[in-house]
Each structure stands twice: as structure tokens, then as C-alpha cells.
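**Q** What follows is a single structure, and I will ask about it in a moment.
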Amino acid sequence: MPKIADIVLPDFPLLLAPMEDVSDPPFRALCKEQGADVVYTEFISSEGLIRDAAKSVIKLDIYEKERPVGIQIFGAELDSMLQAVDIVEKSNPDIIDINFGCPVKKVVCKNAGAGILRDIPLMVKLTSEIVKRTKLPVTVKTRLGWDSDSIKIVEVAERLQDVGIEAISIHGRTRVQMYKGFADWKPIAAVKNNPRMHIPVFGNGDVDTPEAAVRMRDDFGLDGAMIGRASIGNPWFFKEVKHFFETGTHLKPPSMEERVEAARRHLQMAIDWKGEKLGVFETRRHYTNYFKGIPHFKEYRMKMVTSDDAADVFAAFDEVLEKFGNYQFA
1 MPKIADIVLP DFPLLLAPME DVSDPPFRAL CKEQGADVVY TEFISSEGLI RDAAKSVIKL
61 DIYEKERPVG IQIFGAELDS MLQAVDIVEK SNPDIIDINF GCPVKKVVCK NAGAGILRDI
121 PLMVKLTSEI VKRTKLPVTV KTRLGWDSDS IKIVEVAERL QDVGIEAISI HGRTRVQMYK
181 GFADWKPIAA VKNNPRMHIP VFGNGDVDTP EAAVRMRDDF GLDGAMIGRA SIGNPWFFKE
241 VKHFFETGTH LKPPSMEERV EAARRHLQMA IDWKGEKLGV FETRRHYTNY FKGIPHFKEY
301 RMKMVTSDDA ADVFAAFDEV LEKFGNYQFA
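Residues in the sequence shown are numbered from 1 upward in steps of one, following the UniProt record's numbering.
This is the structure we're talking about:
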């Protein structure tokens, strides 16, 4: 069984990827209930933490029911990253994860996230100093390289392991690709097959069906899968994958009642955590997937994603259950 330091995981664990404005405490709780083995926070700016920026600090909130949970930080300045580690430790996560993979311009232009893939020595130096700074296990999430001409992930992963990380998650795209095209898992398998590697190697990118998870496990030999976009508005995905592992058959899709209940709980947890205004706003991105595929649904979706009043959104859920309660999902 794979282990992250002393954290023992099941065979081929499923990890919830850190996603900005998605993997917050309410969503992590739902995914955990549905079978996610490890969950990660949204990525948190080291500069924001040391400035005590409210948007960054609130992302440190974690709850016992989430464990094991990792807090992910990003940055490119050593002093800021080390101060951020000290702050993160006070929240008592199980893991500290370093983001070396975010491709968005506002992060990359500061040499953080995937931007650091252009400076591997700095990437290794930052990682080494962070490992020395904390007693918590440190993991890394990264990409194959900056572009197709600079893929050195086998060497990079080994160097990061040698300075003390306990696991690595690799997205099968370069930074230049962003989220376009298809993820290439072959270089990730090459990392796993490196005889000098002894830490878990998790694959990320295009794990959007149970069959894809099986291929990542059986054909590429990876230690686990990190699930990102496939889980948005679909926390049941983890359960569906595990059911497929066990039986080779697809789990029956969640019923309309289950979907409405999940959406209702998601919204209520978000309100309890951040207040009505932000709670209503930040759950909107999930509703399209919660109710994906229902014909003539636009009227109800618009109510959910345009209202600023929680009561109106809850009322829309009730209307959906009343009108579409017998709808059978394929």
C-alpha cells in the first residue's frame, strides 16, 4: 500500500486535486464522504499568507472529517515560502503540498506555479528548504515541463525525492499546453519506473471516467490518481471509480433526490463557512454538473446561478425536485 510518510493509504488511492475556487471545505467534505482518500485545499499564496490577506488566510480552514488533508502553497520567494510554512503548520494539516504546476499567467509571471519549471535549480532549492523547515510530510504537484522541448520530469522528480518530498503528483501536460489537448501519462510512468524512485507517484490529468482510472493503474502502473475537473459538481465520481475497481461495472448514477440533497448541503455548508453572499456565489460553478443532461432545464439553472438570495436558490432546488423528481439519469 502506498504511504505518504506515516500516512497509510489504500491500494491506488484517489486524491482530490487542489483547485482554485473549487476545493474548499464544503466541497472537500462531500468528496470525502464519496470516497476521496486524500483531499487538498485550494492553492494558497505564500505572499498572501504572510501579509495576512483574508482571502488567503480563510483557505487554511480544515476540519477533522477531512483527514488526511493537505494544504497547498505556492510562491517563488524562499523567505516568503518559509514564513508561509510556519503559518500553515499552525492549522495542523497532515501534509504540506507545494504547487509547481499552476499554469495561469498571473502565477507564472511571478516564477511561481509552473513558472518555476523554467528554473529547476530554484525548484529544488525551494523544496529542500521547505522540507527542512517543517516536520510535516511535504509533497509536490507539478507538470511534465514548461514545454515539449523541456520535459525532464524523470530527473526532476528524482531530485525532488532526494531533497525529501514524500510523494509527487504529476499532471500529464506541459505549462504551454495549459488544459488543452490530451494528458500524456507515459512520462509519469517513466517517473514511476525509475528504479531510484521509492515515493508514491500519482497521476493527474484526464482521469474523467472509471475506465481511465483503471488504465492509469493497470497500464501505466501509477500509485494513485489525482482527480480534478471530473469531480466538479460530481463528488460521486470517487465512489463510481471505486465501484468500478471492485466490480467492473458502472454504479447507477445518483438520483435526482440525491443530487438535490447534495446541492442543498453544499450550499448550506458554504453559507455556514463564508456567509450567505460568498456561499451563494462560490457554489454556482457546481450546479451545471449537478444537474447535467436534464432537458429543458435552463430556466432552473438560471435561477440557481443568478440569484444572490440563498432562499431563492433553495426554492429552485425544491422546484427541480418537484418537476424532475422522476428523471432517470443515463
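Quick reminder that beta carbons are idealized off the backbone N, C-alpha and C, glycines included.
What do you reckon, is the C-beta of E246 under 7 Å from a heavy atom of the ligand PLP?
**A** Ligands displayed in this structure: none; no statement on the ligand PLP is therefore possible.
**Q** I need the straight-line Cα distance from R215 to P137, nearest angstrom please.
**A** Here residue 215 is taken as the residue at index 215 of the sequence shown, counted from 1. Here residue 137 is taken as the residue at index 137 of the sequence shown, counted from 1. So the alpha carbons of these two residues sit roughly 28 Å apart.
**Q** Express the C-alpha separation of E211 and D162 in angstroms, rounding to a whole number.
**A** Reading the sequence shown from its first residue, position 162 is the one you call residue 162. Reading the sequence shown from its first residue, position 211 is the one you call residue 211. Approximately 33 Å, taken between the alpha carbons.
**Q** Rounded to the nearest angstrom, what separates E64 and L14 at their Cα positions?
**A** One-based indexing of the sequence shown puts residue 64 at position 64. One-based indexing of the sequence shown puts residue 14 at position 14. If I take the Cα positions, the gap works out to 19 Å.
**Q** Could you have a look at K106 and say whether DSSP puts it in helix, strand or coil?
**A** Taking the first residue of the sequence shown as 1, we reach residue 106 at position 106. Residue state, collapsed to three classes: helix.
**Q** Write down every uninterrupted run of the beta strand (DSSP E) in the segment 2-43 whose length is 3 residues or greater and which is fully enclosed by it, in chain order.
**A** 14-16, 38-40
**Q** In the DSSP output, which residue or residues are listed as bridge partners for R143?
**A** Locating residue 143 in the sequence shown gives position 143, where the first residue counts as 1. Beta-bridge annotation (DSSP): R143 is paired with H171.
**Q** Tell me Q72's beta-bridge partners as DSSP assigns them.
**A** Looking up residue 72 in the sequence shown gives position 72. Looking at the DSSP assignment, Q72 forms a beta bridge with D97.
**Q** Going by other Cβ atoms of all chains shown within 10 Å of its Cβ, with 16 needed for buried, is S148 buried or exposed?
**A** For the purposes of this step, residue 148 is identified with residue 148 of the sequence shown, where counting begins at 1. That one is exposed.
**Q** Please name the residue in M256, M269, K298 whose C-alpha comes closest to that of F329.
**A** As a first step, residue 329 is located in the sequence shown; it is residue number 329 there, counting from the start. The candidate whose alpha carbon is nearest that of F329 is M256.
**Q** Does the beta-carbon distance from G221 to K192 come in below 8 Å?
**A** On the sequence shown, residue 221 is found 221 positions in, with the first residue counted as 1. On the sequence shown, residue 192 is found 192 positions in, with the first residue counted as 1. Yes, these two residues count as a Cβ contact at 8 Å.
**Q** Taking one C-beta from the segment 284-300 and one from the segment 231-247 each time, how about it: are there three or more such pairs within less than 8 Å?
**A** Contact between the segment 284-300 and the segment 231-247 is present, because at least three Cβ pairs lie under 8 Å.
**Q** Reducing DSSP to helix, strand and coil, say where G113 ends up.
**A** Counted from its first residue, the sequence shown places residue 113 at position 113. G113 falls in the helix class under three-state DSSP.
**Q** Going by beta carbon distance, what residues of the same chain come within less than 6 Å of H171, once the five residues before and after it are set aside?
**A** Position 171 of the sequence shown holds residue 171. Contacts found: G101, R143, N204, G205.
**Q** Hey, I44 and I71: beta-carbon distance below 8 Å or not?
**A** By 1-based counting over the sequence shown, the position of residue 44 is 44. By 1-based counting over the sequence shown, the position of residue 71 is 71. In this structure, I71 lies closer than 8 Å to I44 by Cβ.
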